[in-house]
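Number 179 in my numbering belongs to position 132 of the sequence shown; there are no gaps in the numbering.
Glycine included, each C-beta is placed from N, C-alpha and C at the ideal position.
These notes concern the structure reproduced below.
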Amino acid sequence: EYWHDPVFGIHRYLVYPFTRESIPISTTYFGHSYVFNLPWHYFGIMSLITFPIVLTTLLTGLFYLGFMDYKIIIPILFCIGFWLILGHLPIVPKHNGVRQFISIYPLLGLISWAGTIALTAKISRILPCRQSVAQKVTLLFVSGLLLFGIYKTHPFELSYYNQFIGGVKGAEKSGMQLTMYFEAINHKVIAAMNRNIQPGQSLYMSPPWPPLLQLYKNNGQLEKKIKILLQITDKMPDYLLVSRRRFSVNEELYLSLKPIYEVIYNGVSLVKFLKLEKTNAQSP
């Protein structure tokens, strides 16, 4: 956004915590819920457990780069160093998953590519094969692994964790955030709501974000006759849609809910849609 004026962009980034701190933006991190400000190590740990392991491994190829190669990637290393310093400062924003520092990921990807080239050059000197052949085979293999990872993760890329923490199951056990931006409320959830909710019946979303459901209505995906409640009053809703945002939804209650439809990613529940029993109703 501020590429044309980086000085102003850096100023906005550093001032941002002081202007937004009054807004309770919470994040769950290793079983603890933090309001807006997170521990200094959040940047490094989250990068380590969400960046693809195959690309992290290829960073070791930097040890085999020649002097001239380093001259080429020094500008990228400078940008990464800038982020490493900035991301660990106590005042910078780190909430809402990795979105506050996701700009470092393409830079790490470029360095991984440079590491791949250096590793294949090293391999070609050890094994009886041409460097160009080794590079093509390695790049095809790495690209295949990354594409397979996307295939296995889609459409839940925003809930992805790598095997350093044990995938999304390990993240669940470690008390990490599992879903953040309602991305798991997809077309299958909408279809389940359209099948079950009768015209005039009410639906409440927890945590509440009515604009999302209204957007689906406006685009003709969600039935327009479904009544969306902005808040729960004495009159309980007929149906409940719960997104597993751990800092705002009671975890024990969420796990006890018996859904009509449930979104599960690698064995981990992300969203539940259920009919609310009026005789024994409790909202997450």
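Spell out the partners DSSP gives residue i in its beta bridges.
{"i": "residue 219", "result": "Paired residues: none, contrary to the question."}
{"i": "residue 75", "result": "80"}
{"i": "residue 250", "result": "275, 286"}
{"i": "residue 369", "result": "The chain is shown from 48 up to 331; residue 369 falls before or after that span and cannot be answered."}
Have a look at residue i and residue j and give me their C-alpha separation to the nearest angstrom.
{"i": "residue 327", "j": "residue 283", "result": "Low local confidence applies: a pLDDT of 49 at residue 327 is under 50, so the model's placement there is unreliable, with the coordinate-based value given in what follows. Distance between the alpha carbons of residue 327 and residue 283 is about 10 Å."}
{"i": "residue 161", "j": "residue 154", "result": "11 Å"}
{"i": "residue 305", "j": "residue 311", "result": "14 Å"}
{"i": "residue 53", "j": "residue 260", "result": "37 Å"}
{"i": "residue 266", "j": "residue 184", "result": "45 Å"}
{"i": "residue 244", "j": "residue 235", "result": "14 Å"}
{"i": "residue 217", "j": "residue 200", "result": "15 Å"}
{"i": "residue 276", "j": "residue 256", "result": "10 Å"}
{"i": "residue 196", "j": "residue 220", "result": "21 Å"}
Keeping to the same chain, check which residues put their C-beta closer than 7 Å to that of residue i; ignore five residues upstream and five downstream.
{"i": "residue 85", "result": "74, 76, 141, 142"}
{"i": "residue 271", "result": "264"}
{"i": "residue 214", "result": "208, 313"}
{"i": "residue 227", "result": "143, 144, 205, 292"}
{"i": "residue 112", "result": "161, 165"}
Taking the CB atoms as reference points, tell me whether residue i and residue j lie closer together than 8 Å.
{"i": "residue 11", "j": "residue 250", "result": "Coverage of the chain is limited to positions 48 through 331, which leaves residue 11 absent and any answer about it impossible."}
{"i": "residue 264", "j": "residue 248", "result": "no"}
{"i": "residue 189", "j": "residue 163", "result": "yes"}
{"i": "residue 289", "j": "residue 318", "result": "yes"}
{"i": "residue 331", "j": "residue 296", "result": "yes"}
{"i": "residue 241", "j": "residue 202", "result": "no"}
{"i": "residue 212", "j": "residue 158", "result": "no"}
{"i": "residue 307", "j": "residue 239", "result": "yes"}
{"i": "residue 135", "j": "residue 98", "result": "no"}
Near residue i, what residues of its chain come up, given a Cβ to Cβ distance below 6 Å and the 5 sequence neighbours on each side ignored?
{"i": "residue 292", "result": "254"}
{"i": "residue 222", "result": "77, 78"}
Which residues in the same chain as residue i place their Cβ atom closer than 8 Å to its Cβ, once the five residues preceding and following it in sequence are excluded?
{"i": "residue 72", "result": "82, 83, 142, 143"}
Open item on the list: Tell me whether the region 308-325 and the region 92-104 touch, counting them as touching only if at least three CB pairs, one residue from each stretch, are closer than 8 Å.
Closed with: Touching, no.
- [ ] Please confirm if the region 90-100 is in contact with the region 143-153, defined as three or more CB-CB distances below 8 Å between the two stretches.
- [x] Under the Cβ criterion (8 Å, minimum of three pairs), the region 90-100 counts as touching the region 143-153.
TODO: Count the C-beta pairs between the region 127-135 and the region 179-194 that are closer than 8 Å, then say yes if the count reaches three, no if not.
DONE: No, they do not touch.
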